[in-house]
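Here the structure comes first, spelled out in structure tokens, and everything after it is commentary.
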Amino acid sequence: MGQYPDWLKAVDDAWSLFLDRDGTINVRLIDDYVKTFSQFTFLPNALEAIEVFSQWFQKVIIVTNQQGVGKGLMTQEQLNEVHDAMIEEITNNGGYIDQIFSCTQLADEYNNCRKPNPNMAFQAEAMFPELRLEKSIMIGDMPSDIEFGNLVGMKTVYLGNKGLLTDEIPDLFCDSLWEFMLLLQEAMYAED
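Read in our numbering, the sequence shown has 509 at position 170, and its numbers run on one by one without any break.
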């Protein structure tokens, strides 16, 4: 496997994992929104990686921007149905998600909760008092995911197109959740 950064060795079961949804867990639809679970396709090995993460991390939390609701292209109920079916599939494959935070506001709304705004991180911190943002990892495929994690002191893992990054500097680049899981496994079980 590849070389892993030293900070991965410090990760233990006191750490929490924040995951973006579209493009990280499931296939991102180009210029569209996942409005029904029939449009939702897990990325290769995402379910298996989440199963392992559920055993390794104190909390596994999804943070997702879903302005399709705000645009009126889907309802909150439809979004909830997609998330319920996703959770069921994750659970049936041995994984666990502690909470999903989704922001349905429009990107141009003043003071919105969308990533990179750290609002969803603060919601998670309020819901789970034992959670420490400085002992958390944010994984996503968009620059806003990296900026979100960086703003609150998380370690960040970028799965996206490096050409989209401007000022955002992730702590690690990976191609998939599976690749990150393998690197973390290598770091956790490395001999000093």
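C-beta: ideal position from N, C-alpha, C; glycine also.
Item                                                                                                                                                                           : Value
Run the CB neighbour count on P509, radius 10 Å, all protein chains shown included, and call it buried at 16 or more, exposed below.                                           : buried
Out of L472, N404 and D351, which has the shortest C-alpha to C-alpha gap to W395?                                                                                             : D351
Three or more C-beta pairs closer than 8 angstroms, one from the region 481–488 and one from the region 452–466: is that the case here?                                        : yes
Which residue from N432, M481 and I369 puts its Cα closest to that of D506?                                                                                                    : M481
Could you check if G502 is buried or exposed, using at least 16 other CB atoms within 10 Å of its CB as the buried criterion?                                                  : exposed
Below 8 angstroms CB to CB, which residues in the same chain sit around W517 once its five sequence neighbours on both sides are set aside?                                    : P383, N384, A385, E387 and A388
Among residues of its own chain, excluding the 5 on either side of N534, which ones have a beta-carbon nearer than 7 angstroms to its beta-carbon?                             : Residue 534 cannot be examined here, being either before or after the span of the chain that is shown, 340 to 531.
Could you tell me which of M466, V491, L347 and D371 sits nearest to N404, measuring between CA atoms?                                                                         : D371
Do E390 and G434 have their beta-carbon atoms positioned less than 8 angstroms apart in this structure?                                                                        : yes
Is the closest heavy atom of the ligand SAM to the C-beta of E420 under 7 angstroms?                                                                                           : Ligands in the displayed structure: none, and consequently the ligand SAM is not present.
What did DSSP end up calling G479 once you bin it into helix, strand or coil?                                                                                                  : strand
Exposed or buried, which one is T380 when buried takes at least 16 other CB atoms within 10 Å?                                                                                 : exposed
In angstroms with no decimal places, state the Cα-to-Cα distance between G409 and A353.                                                                                        : 35 angstroms
Determine the direct distance from the alpha carbon of G411 to that of L445, and round the result to whole angstroms.                                                          : 10 angstroms
Enumerate in chain order the residues of its own chain whose CB-to-CB distance from L492 is below 7 angstroms, with the five nearest sequence positions on each side excluded. : As written in the sequence, residue 492 is Gly, which differs from the Leu given in the question. Around G492: L472 and E473.
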